[in-house]
DNA sequence: CATTTGACGATACAATATAACATATCATCG
DNA sequence: CGATGATATGTTATATTGTATCGTCAAATG
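Residue numbers (this note's numbering), protein chains in the order written: chain V, 1 to 188; chain D, 189 to 376.
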């Protein structure tokens with residue numbers, strides 16, 4: 001919940017080269033990939049959007065828009081709700097993040113960042129944003145993104161059977177993750 | 189969106205026998221089934237809850253909590269947000285309705301009402317509320333509930349594979365329903 | 001260079017949901 | 001019957017999430 005613990009890199013270099021906040025190297029690397037991804041889509045990952053995505057990458061958990069706003073304000077004075085929602089809308093449209101509807105919260109999409117596959121085509125010529133599947137642990141609040149072909153196939157099949165032309169699917173599976181279930185078992 | 193059109197039954201009998209609003213016969217019948225269902229679960233479908241469920245059954249579309257509140261006020265002076273949310277929570281817990289997360293709106297669960305199967309068991313001894321799958325048409329806003337065994341099986345399988353103990357799943361499929369797709373085709 | 005377009009600042013507001021506490025209703029038991 | 005506890009509802013206020021709108025600025029485009 002609170003601020004993250006001390007980080008293992010040199011904080012003095014954080015604001016060295018640019019006017020924008022510097023995240024740890026691993027995050028900066030992912031952000032660079034995101035920048036490339038955007039260029040290829042003819043879009044721009046502006047400094048503001050980069051910061052918002054960076055904050056999400058740093059968080060172990062899904063972040064609400066107002067969580068993000070609070071954090072963003074430490075980097076970007078004067079940020080207001082529309083500031084955050086615009087960045088989120090942009091990132092959502094490109095598939096760089098997902099919204100977890102049940103939590104009204106957002107997570108970065110590592111699949112897009114790591115495999116650079118933003119857009120998918122399911123049917124004849126129909127393009128459709130990759131929409132993942134999420135395991136939501138109610139103990140530790142962590143969210144794991146799956147990309148299970150079986151689930152997707154079942155959903156596409158059921159939609160077709162109903163004559164429904166699907167463009168997006170929201171799959172949110174709630175329960176207890178392996179780690180928390182293990183811990184509970186150990187306690188008993 | 190607006191108030192429903194004139195109804196084909198005798199409005200004079202609406203408040204005859206009881207102090208609670210009377211819905212058309214088909215709805216009253218479903219409400220009676222809901223009452224029975226609750227008794228079997230040792231719960232009570234109070235007049236307030238019955239009215240809320242009735243309003244939802246009368247609506248062709250998902251209703252937001254504040255839509256319900258507005259309607260409820262015509263039947264139940266002094267209703268406030270908590271009035272509605274409490275009724276919704278009750279109905280959700282019993283599986284008599286579902287929440288469509290993407291719409292922040294609610295629909296009655298006809299599966300529960302028509303088949304009286306509220307609780308399911310997926311794994312060894314673990315009970316779990318029936319959680320349906322929803323086709324959401326972005327043209328006409330209608331929502332169709334599926335209960336596709338293939339989707340459920342795929343989700344259960346993927347959860348197990350990840351060591352995740354699922355208790356509830358939210359499946360919301362957005363797109364264009366057969367009727368609206370047909371209409372669009374006709375226009376072209 | 002003028003124009004257009006997209007991004008951002010800033011204020012206000014709308015829509016959704018809950019906290020907290022008071023009151024009422026009802027069943028049960030002594 | 002009257003006390004007691006549990007459940008349901010009334011009431012007010014507030015928290016949380018999300019948009020509308022309008023103005024400004026800066027980069028891209030012709």
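No residue lacks a Cβ here, since even glycine has one placed at the ideal position from N, Cα and C.
Nearest residue (CA-CA) to residue i, options the options
i                      : options                    : result
residue 134 of chain V : V:140, V:107, V:185        : V:107
residue 103 of chain V : V:52, V:138, V:157, V:150  : V:138
residue 156 of chain V : V:31, V:170, V:29          : V:170
residue 145 of chain V : V:23, V:20, V:33, V:60     : V:60
residue 46 of chain V  : V:29, V:65, V:20           : V:20
residue 74 of chain V  : V:62, V:89, V:51, V:88     : V:51
residue 287 of chain D : D:250, D:272, D:342, D:349 : D:250
residue 348 of chain D : V:25, V:109, V:177, V:83   : V:177
Test item: CB-CB of residue i and residue j under 8 Å
i                      : j                      : result
residue 130 of chain V : residue 175 of chain V : no
residue 163 of chain V : residue 147 of chain V : no
residue 27 of chain V  : residue 69 of chain V  : no
residue 101 of chain V : residue 172 of chain V : yes
residue 369 of chain D : residue 165 of chain V : yes
residue 30 of chain V  : residue 91 of chain V  : no
residue 158 of chain V : residue 339 of chain D : yes
residue 55 of chain V  : residue 72 of chain V  : yes
Alpha-carbon spacing of residue i relative to residue j, whole angstroms
i                      : j                      : result
residue 299 of chain D : residue 224 of chain D : 15 Å
residue 274 of chain D : residue 237 of chain D : 9 Å
residue 76 of chain V  : residue 167 of chain V : 35 Å
residue 222 of chain D : residue 329 of chain D : 25 Å
residue 186 of chain V : residue 179 of chain V : 11 Å
residue 211 of chain D : residue 65 of chain V  : 41 Å
residue 277 of chain D : residue 266 of chain D : 19 Å
residue 38 of chain V  : residue 44 of chain V  : 6 Å
residue 331 of chain D : residue 269 of chain D : 24 Å
residue 341 of chain D : residue 153 of chain V : 12 Å
residue 115 of chain V : residue 293 of chain D : 35 Å
residue 272 of chain D : residue 255 of chain D : 10 Å
residue 228 of chain D : residue 109 of chain V : 44 Å
residue 25 of chain V  : residue 42 of chain V  : 25 Å
residue 97 of chain V  : residue 220 of chain D : 45 Å
residue 337 of chain D : residue 149 of chain V : 16 Å
Neighbour list for residue i in chain D, Cβ cutoff strictly below 8 Å
i                      : result
residue 63 of chain V  : None at all; the shortest Cβ gap to chain D is about 18 Å.
residue 151 of chain V : 339, 342, 343, 346
Neighbouring residues, chain V, relative to residue i (Cβ below 9 Å)
i                      : result
residue 329 of chain D : Chain V residues near residue 329 of chain D: none, gap ~14 Å exceeds 9 Å.
residue 332 of chain D : 162, 164
residue 224 of chain D : Under the 9 Å cutoff, chain V gives no residues; its nearest Cβ is about 29 Å from residue 224 of chain D.
Beta-carbon neighbours of residue i, restricted to chain V and to distances below 7 Å
i                      : result
residue 355 of chain D : 174, 175
Identified DSSP bridge partners for residue i
i                      : result
residue 293 of chain D : D:288
residue 354 of chain D : V:175
residue 137 of chain V : V:175
residue 145 of chain V : V:134
residue 63 of chain V  : V:106
Closer than 9 Å at the beta carbon, the chain D residues around residue i
i                      : result
residue 89 of chain V  : Result: empty, since nearest Cβ-Cβ is about 15 Å, beyond 9 Å.
residue 106 of chain V : By Cβ distance, chain D contributes nothing, its closest Cβ being about 14 Å from residue 106 of chain V, past 9 Å.
residue 178 of chain V : 350, 351, 352, 353
residue 181 of chain V : 351, 352, 353
residue 135 of chain V : 346, 347, 350, 352, 354
residue 32 of chain V  : Neighbours of residue 32 of chain V on chain D: none; closest Cβ ~30 Å, over 9 Å.
Residues that residue i contacts on chain D, provided the C-beta gap is smaller than 7 Å
i                     : result
residue 67 of chain V : Those within 7 Å of residue 67 of chain V in chain D number zero; the least Cβ separation is about 19 Å.
Chain-ordered neighbours of residue i on chain V, where CB pairs are closer than 8 Å
i                      : result
residue 289 of chain D : 101, 102, 170, 172
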